[in-house]
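Here's the structure, in structure tokens; my notes come after.
Protein chains: 4
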Amino acid sequence: MAGNTFGQVFRVTTWGESHGPGVGAVVDGCPPRLPLNPALIEAELARRRPGVQAHASPRREEDRVEILSGVFEGLTTGTPISLLIRNRDVKSEDYEALREVFRPGHGDFTYQAKYGLRDHRGGGRAAARETAARVAAGAVAKQLLDQENIQVLAYTLELGGVRAQTRDEARLWDNPFYCPDPGAVPDMISRVEEVKARGDSLGGLVEARVRGCPPGLGEPVFDKLDAALAAAVMSIGAVKGVEIGAGFAAARMLGSEHNDPLIPGGFASNNAGGILAGISNGDEIVLRAAVKPIPSIAREQQTVDLAGRPRTIAVRGRHDISAIPRIVPVILAMVRLTIADFLLRQRANQ
Amino acid sequence: MAGNTFGQVFRVTTWGESHGPGVGAVVDGCPPRLPLNPALIEAELARRRPGVQAHASPRREEDRVEILSGVFEGLTTGTPISLLIRNRDVKSEDYEALREVFRPGHGDFTYQAKYGLRDHRGGGRAAARETAARVAAGAVAKQLLDQENIQVLAYTLELGGVRAQTRDEARLWDNPFYCPDPGAVPDMISRVEEVKARGDSLGGLVEARVRGCPPGLGEPVFDKLDAALAAAVMSIGAVKGVEIGAGFAAARMLGSEHNDPLIPGGFASNNAGGILAGISNGDEIVLRAAVKPIPSIAREQQTVDLAGRPRTIAVRGRHDISAIPRIVPVILAMVRLTIADFLLRQRANQ
Amino acid sequence: MAGNTFGQVFRVTTWGESHGPGVGAVVDGCPPRLPLNPALIEAELARRRPGVQAHASPRREEDRVEILSGVFEGLTTGTPISLLIRNRDVKSEDYEALREVFRPGHGDFTYQAKYGLRDHRGGGRAAARETAARVAAGAVAKQLLDQENIQVLAYTLELGGVRAQTRDEARLWDNPFYCPDPGAVPDMISRVEEVKARGDSLGGLVEARVRGCPPGLGEPVFDKLDAALAAAVMSIGAVKGVEIGAGFAAARMLGSEHNDPLIPGGFASNNAGGILAGISNGDEIVLRAAVKPIPSIAREQQTVDLAGRPRTIAVRGRHDISAIPRIVPVILAMVRLTIADFLLRQRANQ
Amino acid sequence: MAGNTFGQVFRVTTWGESHGPGVGAVVDGCPPRLPLNPALIEAELARRRPGVQAHASPRREEDRVEILSGVFEGLTTGTPISLLIRNRDVKSEDYEALREVFRPGHGDFTYQAKYGLRDHRGGGRAAARETAARVAAGAVAKQLLDQENIQVLAYTLELGGVRAQTRDEARLWDNPFYCPDPGAVPDMISRVEEVKARGDSLGGLVEARVRGCPPGLGEPVFDKLDAALAAAVMSIGAVKGVEIGAGFAAARMLGSEHNDPLIPGGFASNNAGGILAGISNGDEIVLRAAVKPIPSIAREQQTVDLAGRPRTIAVRGRHDISAIPRIVPVILAMVRLTIADFLLRQRANQ
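These protein sequence lines are chains G, R, L and V, in that order.
For the first sequence, my numbering assigns the number 1 to the initial residue and increments by one for each residue that follows.
For the second sequence, my numbering assigns the number 351 to the initial residue and increments by one for each residue that follows.
For the third sequence, my numbering assigns the number 701 to the initial residue and increments by one for each residue that follows.
For the fourth sequence, my numbering assigns the number 1051 to the initial residue and increments by one for each residue that follows.
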């Protein structure tokens, strides 16, 4: 069965290709009586479209959202919320050369293998454009989390090897890299410029945090909260690794170092990243995602065509140098969707 | 809704606590006409019970499995396969002291927070004992994968900082650490002895590989194969991070380094770890999991009791020094279950 | 969890209210490479909109469908198919009087009880308008069934007590009641005129048949094919009963009468209605649905308002006298969706 | 995907064949802190085993249930509840003659068609024995419903054409037919004796009622409460039709007759059967099921064998004359499971 639905109770189904009429999401299971209007959603979408920045793709997406159902007189009704974001500024002719050639690092080869045909224009369903629907749905989840005073953050921890040294969350959205360390931004800019000049691309790390999450969320043994968060974040195209709390560093720690002592009212440390035995423990949830470099690069690469013959390719068109920072609001959305879903799942358990 | 079911088509529901009558699994959706008998399952279970080794828990589990349904005259019938593994050698009195105290690093606190009560004996449902049911179900999945010539491997890559330098897969199961580098075993033993003497515990890394996986498995956009594998492996208690292919290292690579060039018949490298855009590409699937040190340690730790009052605790009883190597067959089982499920899901798509 | 998704593999999520911007469906899990264009869908929708007939609601719905995704160069791609049908000709002011009064026989009271608010305009999500999305999705299923030579029929068996005596399937869509007995149509017209004059409404029976269904579809023990068909059809607003094969008549038959003898190549009779032990047996599947009279009647009725105070109501507006014949293509769609889903589910089992 | 799981939140997976080691159920999603012990379950199972009656199958099932997990110190823990009922008194040799012959009216032919093999002993998974697991799970649901003061009833409305004329619910379980009209029992006995002498079998009608169900349960548009109840009851082997409230009679009623006027505090009538637009309205839920005659009859019948050759068969062995009354506690269980699930689903919506 196909996999375009996320969540069990707060359930989102997305659809849409990068060069079709649009992308969208149907949110089913959103509780009734929450305030919702297009502006709340478009504010989140705007962060996914950093067109004002020098370092982002020049493609300008006018991300207007139309709420087609599920909202009446400004409030959710408990019925499915259908969100439509029209695609604009799509130039399909740019992609005609890709009809018969597979781009390395992209889903071209695997979509062809799986479905026996593919929409080759800009990656179709595998394009980053798909994540606009996630961000729109995540904005709905935000309304629910706000009501429960649960706050979710996401930011760039590292870009092309340049790492944030401080975390000034108040200035997160002020800089073009969504980086909590304004001091690291100049180095990030230099790194991007350098790599851009070589026709290459960069990866990095994104960190997400959940504050105010009540203890008790997570469904052992398979739908543990950390397992669900890992799947949520790993389902984003460019992510190749996910870790919770101490994460991979835990592999070299001793038990006496890693265990978080319990103290009255909480925990003395947070190596667990806010999740114990797959259930939130009330502490801050901390998650990091490894983001691979964008596969569309200007440098010539070796590949094959539909008939399996060797070809070379240099990807042209409007491409970012890194999935960062545009992936930051996507990771934010996926974490919000996960927490919203488990919040409602826990209500069902009681 | 509770989370004790794994998979969509090849679907496994597990149950059982460490100190109750037993643990088990119901496998629904296994295709008919596969050979299955208890010995095939018990062979896998034996690897989870390294009682012959000096370094493992002295608790001896006589893991006999009873097939209660779904098999007729030695073949699966397409109806649910119910597997029962009785618990033996359980000494609940050992745990009476834990009724009112939360062990650091365990699920004691979160189970209490979630359910309002808990079976405190040995961790109950959160105990490692639960994974015996996963291994039993994974042995059923193995029968299906064998039929398709899909081979899954898992082994210890690193234990307590001691890393395997070679990968001699033929000798994997010969040594007590399920390590593919026999030369690393003496160092692993030394490391374990050293830490054991200090009343502490160790973590490590486990790697899994899938060979012969056909291209086309994985269900974009949310049930991508890598997302599903991440959830599958992260759902195991001790796992705090998962990466695919180049994984976290990808964050510092350039696009030109990370992209795997396509060549006639396959790929020139495998940074993708066998998965592109969430769909298997026919190359070897490679996954690594970070395993935290076992939280049950003999050293005294700070904690609180049910009433929130400060307490100290030194966990007694029969405990391993590391989840490795016993977690290796569990990770193997979870990967098998995931691949089996997506294999059948892909059949439904066509 | 909310219930706007139908099916497991061929999976449809619908959304939309009668007086919002539109209704729609997302079809996920449709196999790739099927031909699909708006005209194929609009042909089915046209049967749901018998505006050319004297006896149907004068509201004219211009049911144009926009395929927003999942189709590339005329073929399905295996990705979600998003269908949008804009609402037109909606006069919300007609309904202002209903904001505070519950219409008897409608979902007004229960939607208010469930969600704590409701879109009172024309029934919102509970309106018949919702079924346009089902019909559109059913038209997609038809493409799959056509490929497998599975034919689904539905027709009016009885309207207001006037029963079809013959079954001339070739003339089904020729008459305004979708009745296979053209001879019964004049009596149906008389019955409708008579009841309309009294400001009242009528119910009836619809029968559906599936031909060419291979044996083996249906998933014991809970997702038996008859159980799924019963749910599919009962999920349509006006349906109050469903029976398969001999149905309720079976309650008074002897085993020797009811059992269908097996003969080489099939069965000597079909009291089972094509389903044995929840699995299709290769014979024709036969199902009947009881359709209640439309609750919107011009005659004055007793009711209460939001505050629980007694009120009277006479429903005005553009209403049909019976859900028949417009429900016929809806039942057709639901049976198609069910068979398509189980066809793909069976592929996954093998 | 296979269909042995029922429910979304209160979720039951059953397994087991009539002549294997046993049958059982795993209940996942039962809220914690409910009292549960084997005696509560066995009391329900006893009603499914009317061995004390002259008119029931002489096979004696010693239905002892073992709770293998999910209960600690007498209370549910929120973890999966595994229930095991061993089969006893099974004589597989009785069935050897059926290995190659299909019994008319049974699942023999369709199981063979679906799975390519079958456990021919007593029907395997298609046997009535399977329903013991449903009744056991339903007994768990009863604990939840009791806590909410929701009462579910089921009884024989008609057997072999003999209909109950009164409904003395207090005496339901006193008579061998679970009939609320003690006066009808002698006629039922006569009817049974008469048909038994002819080597034939009988069908009938069962009615179920739910009292105290809060308004608001049911998930439009596909998981309406009536749709779910229809599937739940139709998933029982012998059921061929289901109706809610006025049911099939509604097809011949006028809107003015069928609509239930709202009055302060409720409804003036209950043609809706307690469900409006798929959502409970707070009134009594009323449902009727048509039960076909048992297909196993002593009279000789025409059939075919595995090779498709004509054969005759006269089914021997220990068989009831009717699925009634043993089906009554099964229908009771399925209604309980449905209401329990929707009760928890509604909690998740809020």
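Even for Gly, the Cβ is constructed at its ideal location relative to N, Cα and C.
Output the distance between the C-alpha atoms of residue i and residue j, rounded to the nearest integer angstrom.
| i | j | result |
| --- | --- | --- |
| Q53 of chain G | E800 of chain L | Because Q53 of chain G carries a pLDDT of 48, less than 50, the predicted location of this residue cannot be relied on, and the following value inherits that uncertainty. If I take the Cα positions, the gap works out to 51 Å. |
| A476 of chain R | R288 of chain G | 25 Å |
| S432 of chain R | P1345 of chain V | 28 Å |
| G553 of chain R | S585 of chain R | 17 Å |
| D808 of chain L | Q1001 of chain L | 15 Å |
| V685 of chain R | V1030 of chain L | 42 Å |
| T310 of chain R | R1171 of chain V | Nothing in the structure corresponds to residue 310 of chain R, since chain R is present only between 351 and 700. |
| E508 of chain R | R733 of chain L | 47 Å |
| G51 of chain G | I324 of chain G | Unreliable placement is indicated for G51 of chain G, whose pLDDT of 49 sits below 50; the coordinate value is still reported in the next sentence. Rounded to the nearest angstrom, the two C-alpha atoms are 13 Å apart. |
| A1187 of chain V | C1263 of chain V | 20 Å |
| V304 of chain G | P735 of chain L | 28 Å |
| P532 of chain R | I671 of chain R | 20 Å |
| F948 of chain L | F922 of chain L | 21 Å |
| G658 of chain R | G1268 of chain V | 41 Å |
| D794 of chain L | H719 of chain L | 11 Å |
| P964 of chain L | E1307 of chain V | 50 Å |
| P186 of chain G | V835 of chain L | 57 Å |
Return yes when the Cβ of residue j is within less than 9 Å of the Cβ of residue i, no when it is not.
| i | j | result |
| --- | --- | --- |
| G455 of chain R | K590 of chain R | no |
| D908 of chain L | V862 of chain L | Strictly speaking, residue 908 of chain L in this sequence is Ala, with Asp absent from that position. Taking 9 Å as the Cβ cut-off, A908 of chain L and V862 of chain L do not qualify as a contacting pair. |
| M351 of chain R | Q1058 of chain V | yes |
| I677 of chain R | N259 of chain G | no |
| A1147 of chain V | A1075 of chain V | no |
| L344 of chain G | A1278 of chain V | no |
| K1192 of chain V | E1116 of chain V | no |
| Y1228 of chain V | A1247 of chain V | no |
| D926 of chain L | G982 of chain L | no |
| L1134 of chain V | L682 of chain R | no |
| G1316 of chain V | I1335 of chain V | no |
| G824 of chain L | F72 of chain G | yes |
Buried or exposed: which applies to residue i, given that a residue is buried once 16 or more other Cβ atoms fall within 10 Å of its Cβ?
| i | result |
| --- | --- |
| A1163 of chain V | buried |
| I354 of chain R | In the sequence on display, residue 354 of chain R carries Asn and not Ile. Counting Cβ neighbours within 10 Å, N354 of chain R comes out buried, since at least 16 surround it. |
| D1169 of chain V | buried |
| Q346 of chain G | buried |
| W523 of chain R | exposed |
| P731 of chain L | buried |
| A170 of chain G | exposed |
| T312 of chain G | exposed |
| K924 of chain L | buried |
| S1240 of chain V | exposed |
| D341 of chain G | buried |
Which residue from the options puts its Cα closest to that of residue i?
| i | options | result |
| --- | --- | --- |
| A337 of chain G | G:I85, G:G265, G:A231 | Correcting the residue type first, residue 337 of chain G is Leu in the shown sequence and not Ala. Closest option to L337 of chain G, Cα to Cα, is G:A231. |
| T351 of chain G | R:V373, R:A601, R:A664, R:R436 | Residue 351 of chain G is absent from the structure shown; chain G starts at 1 and stops at 350. |
| G1210 of chain V | V:Y1165, V:E1243, V:Y1161, V:W1065 | V:E1243 |
| V206 of chain G | G:L276, G:A164, G:A246 | G:A164 |
Kindly provide the ranges of any beta strand (DSSP E) runs that are 3 or more residues long and lie completely inside the region 537 to 616 of chain R, ordered along the chain.
554 to 561, 589 to 594
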